[in-house]
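Just so we're aligned, residue 63 is where the sequence shown starts under the working numbering, counting upward by one. For each residue, glycine too, the CB sits at the ideal point set by N, CA and C. Since the model is a prediction, treat every value here as computed from it, not as a measurement. Just below is one structure, and these are the notes that go with it.
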Amino acid sequence: MTMVGVDGVTLTPDGRGITAVDEASLGLLHEAHRLHKTAELLVSNYSNTLGDFDPNLAATMLNSPASRRSVIAALANDVRSQGWNGITIDLESLNNFGAAGHTRDDNAGLAAFTKELRAALGKASISICLSATTGSYADLGYDLPALGASVDHVVLMAYDQHGPSWSSAGPIGGYPWAKATLRGLTRELPAASIQLGIGEYGYSWPAGSVDGTPRGGGPYSDAAARALVTRDHATALWDATQLEWHATLPDGTILWWSDARSFAAREALARSLDLGGVAVWSLGQADPL
Numbered sequence: 063m064t065m066v067g068v069d070g071v072t073l074t075p076d077g078r079g080i081t082a083v084d085e086a087s088l089g090l091l092h093e094a095h096r097l098h099k100t101a102e103l104l105v106s107n108y109s110n111t112l113g114d115f116d117p118n119l120a121a122t123m124l125n126s127p128a129s130r131r132s133v134i135a136a137l138a139n140d141v142r143s144q145g146w147n148g149i150t151i152d153l154e155s156l157n158n159f160g161a162a163g164h165t166r167d168d169n170a171g172l173a174a175f176t177k178e179l180r181a182a183l184g185k186a187s188i189s190i191c192l193s194a195t196t197g198s199y200a201d202l203g204y205d206l207p208a209l210g211a212s213v214d215h216v217v218l219m220a221y222d223q224h225g226p227s228w229s230s231a232g233p234i235g236g237y238p239w240a241k242a243t244l245r246g247l248t249r250e251l252p253a254a255s256i257q258l259g260i261g262e263y264g265y266s267w268p269a270g271s272v273d274g275t276p277r278g279g280g281p282y283s284d285a286a287a288r289a290l291v292t293r294d295h296a297t298a299l300w301d302a303t304q305l306e307w308h309a310t311l312p313d314g315t316i317l318w319w320s321d322a323r324s325f326a327a328r329e330a331l332a333r334s335l336d337l338g339g340v341a342v343w344s345l346g347q348a349d350p351l
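Structure representation (structure tokens):
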């Protein structure tokens, strides 16, 4: 492991600033440096009110030059004053449909933001997290050539393929799907700039859940998923195609999780494609790696 990303700040509700870095995040920064690792501060448009990423908040910031300048100034100040080695951009749910049914185009705004952040940070590193798709990355708000010109690392979040609040039960980031999501990136970006994001956690789908309607389902660490299977005397099955584990509990709850064995397969995939590396979400939920 060479770099630790710390999920540290979010955009403020007006889109003109960022929240303060808390003591826990600073503790992770200092621990990373003690271990001679670099550390990037992650900024996102996650909303605790929505319990999800806020597309309107991202658009408010990205499409206003004044808001971009204000947010970038705050990020650059945190890098300089607190000792971060760089910034990770995690702006998701871009190009969502507005109330009028028209698609909002965040491509240019995100490209401008990364270019302006590059100028402000100088030699500090920049990573950007991209939602994975087997379709067009431009449709998700990502102008890949423009982003590639401004950032050091492009992290493909090849996880959350399935989840209890948006899909029926399935793998966290199935191996065939992960391979397919890489194809669009490697056609437009140098392989060495891409890091394959690997999900190291699990989800549950209680009996009676329907597609997109959770009924008590939620996330589990790898250890917690295995413990639940053991407690209920269920059987964990390895899927030789998806390269993940799954189990059905006696009450009908379905579990899927991705662990160290899943990680090893995806690390091998990244090596076979000469990618720049892999990234794990998240260390606190994962098996020791």
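Give the DSSP bridge partners of I134, in chain order.
-> Here residue 134 corresponds to residue number 72 of the sequence shown, with the count starting at 1. Bridge partners of I134: none, in fact.
Could you give the residue range of the beta strand (DSSP E) that holds A330?
-> Residue mapping note: residue 330 aligns to position 268 of the sequence shown, counting from 1. Looking at the DSSP string, A330 is not in any beta strand (DSSP E); the run it does join, the alpha helix (DSSP H), is 322-334.
Mind checking if G113 is an interface residue toward chain C, Cβ cutoff 9 Å exclusive?
-> The structure shown contains no chain C; it holds only a single protein chain.
Could you check if H92 is buried or exposed, using at least 16 other CB atoms within 10 Å of its CB as the buried criterion?
-> Locating residue 92 in the sequence shown gives position 30, where the first residue counts as 1. Label assigned to H92: exposed.
Could you tell me if A330 is buried or exposed, where buried requires 16 or more neighbouring beta carbons within 10 angstroms of its beta carbon?
-> Start at 1 with the first residue of the sequence shown, and residue 330 comes out as number 268. Exposed.
By Cβ distance below 6 Å, which residues in the same chain neighbour A254 in space, the five residues on each side in sequence not counted?
-> The count along the sequence shown starts at 1 and reaches residue 254 at position 192. If we look at A254 and ignore the five residues flanking it on each side, its Cβ neighbours are G338.
Between D222, A208, S155, P233, which lies nearest to W300 when the distance is taken from Cα to Cα?
-> As a working mapping, residue 300 is identified with position 238 in the sequence shown. Residue P233 is the option with its Cα nearest to W300.
Give the DSSP-derived three-state secondary structure of D69 in the structure shown.
-> Indexing the sequence shown from 1 puts residue 69 at position 7. It is a strand residue.
Taking Cβ positions, are G264 and L317 nearer each other than 9 Å?
-> As a first step, residue 264 is located in the sequence shown; it is residue number 202 there, counting from the start. As a first step, residue 317 is located in the sequence shown; it is residue number 255 there, counting from the start. A contact, by the Cβ cut-off of 9 Å.
What does DSSP give as the partner residues of W267 in its beta bridges?
-> Taking the first residue of the sequence shown as 1, we reach residue 267 at position 205. In the DSSP output, where bridge partners are listed per residue, W267 has I316.
Continuous beta strand (DSSP E) assignments of at least 3 residues falling wholly in the region 202-285 = 215-219, 256-261, 264-267
Do you know offhand how far D201's Cα is from I151's?
-> Walking along the sequence shown from the start, residue 201 turns up at place 139. Walking along the sequence shown from the start, residue 151 turns up at place 89. Approximately 18 Å between the Cα atoms of the pair.
Per DSSP, cross-strand counterpart(s) of T310 = The residue given as residue 310 occupies position 248 in the sequence shown. DSSP, once it has assigned bridges, lists I316 as partnering T310.
Since S189 contacts E102 with CB under 8 Å, what's their CB separation in whole angstroms?
-> Here the question's residue 189 lines up with position 127 in the sequence shown. Here the question's residue 102 lines up with position 40 in the sequence shown. About 6 Å separates the two Cβ atoms, so the contact holds.
Just how far apart, CA to CA, sit T176 and A302?
-> Against the sequence shown, residue 176 aligns to sequence position 114. Against the sequence shown, residue 302 aligns to sequence position 240. For T176 and A302, the distance between alpha carbons rounds to 39 Å.
Grab the span of the alpha helix (DSSP H) containing S87 for me, first residue to last.
-> Residue 87 sits at position 25 when you count from the first residue of the sequence shown. 85-96 is the extent of the alpha helix (DSSP H) around S87.
Hey, how far is the Cα of I80 from the Cα of R142?
-> Locating residue 80 in the sequence shown gives position 18, where the first residue counts as 1. Locating residue 142 in the sequence shown gives position 80, where the first residue counts as 1. So the alpha carbons of these two residues sit roughly 15 Å apart.
Compute the Euclidean distance between the alpha carbons of T310 and L218, then round it to the nearest angstrom.
-> Taking the sequence shown and counting its residues from 1, one reaches residue 310 at position 248. Taking the sequence shown and counting its residues from 1, one reaches residue 218 at position 156. Going from the Cα of T310 to the Cα of L218 covers about 29 Å.
Neighbourhood of T72 by C-beta distance below 6 Å, restricted to the same chain and skipping five residues each side | For the purposes of this step, residue 72 is identified with residue 10 of the sequence shown, where counting begins at 1. Contacts found: T81, S106, Y108.
Round the Cβ separation of W239 and T196 to the nearest angstrom and send it over; I've been treating them as touching at under 8 Å.
-> As a working mapping, residue 239 is identified with position 177 in the sequence shown. As a working mapping, residue 196 is identified with position 134 in the sequence shown. The Cβ separation is near 7 Å, so the contact holds.
Contact check, N147 vs T111, beta carbons under 9 Å | In the sequence shown, counting from the first residue as 1, residue 147 sits at position 85. In the sequence shown, counting from the first residue as 1, residue 111 sits at position 49. Their beta carbons are not under 9 Å apart, which means N147 does not touch T111 by this criterion.
CB-CB under 8 Å to I149, same chain, minus the five flanking residues each way: which ones, in chain order?
-> The sequence position of residue 149 within the sequence shown is 87, counting from 1. Taken in chain order, the residues that qualify are E102, L103, L104, V105, L137, V141, L179, L183, A186, S187, I188, S189.
Same chain, Cβ closer than 6 Å to Y204, neighbours up to 5 away in sequence not counted | Position 142 of the sequence shown, counted from the start, is the residue given in the question as residue 204. These residues qualify, in order along the chain: L192.
Please report how far the alpha carbon of D313 lies from the alpha carbon of L290, in whole angstroms.
-> What you label residue 313 is simply residue 251 of the sequence shown in a count that begins at 1. What you label residue 290 is simply residue 228 of the sequence shown in a count that begins at 1. Spanning the two alpha carbons is a distance of roughly 12 Å.
Below 7 Å CB to CB, which residues in the same chain sit around D371 once its five sequence neighbours on both sides are set aside?
-> Here the chain comprises residues numbered 63 to 351, so residue 371 is not present and cannot be evaluated.
Kindly give me the distance between the Cβ atoms of A352 and Q257, rounded to whole angstroms, as I take these residues to be in contact under 8 Å.
-> No information on residue 352 is available, as it lies outside the stretch 63 to 351 that the chain covers here.
M63 versus T315: straight-line alpha-carbon distance, rounded | In the sequence shown, counting from the first residue as 1, residue 63 sits at position 1. In the sequence shown, counting from the first residue as 1, residue 315 sits at position 253. Taking the straight line from one Cα to the other gives about 35 Å.
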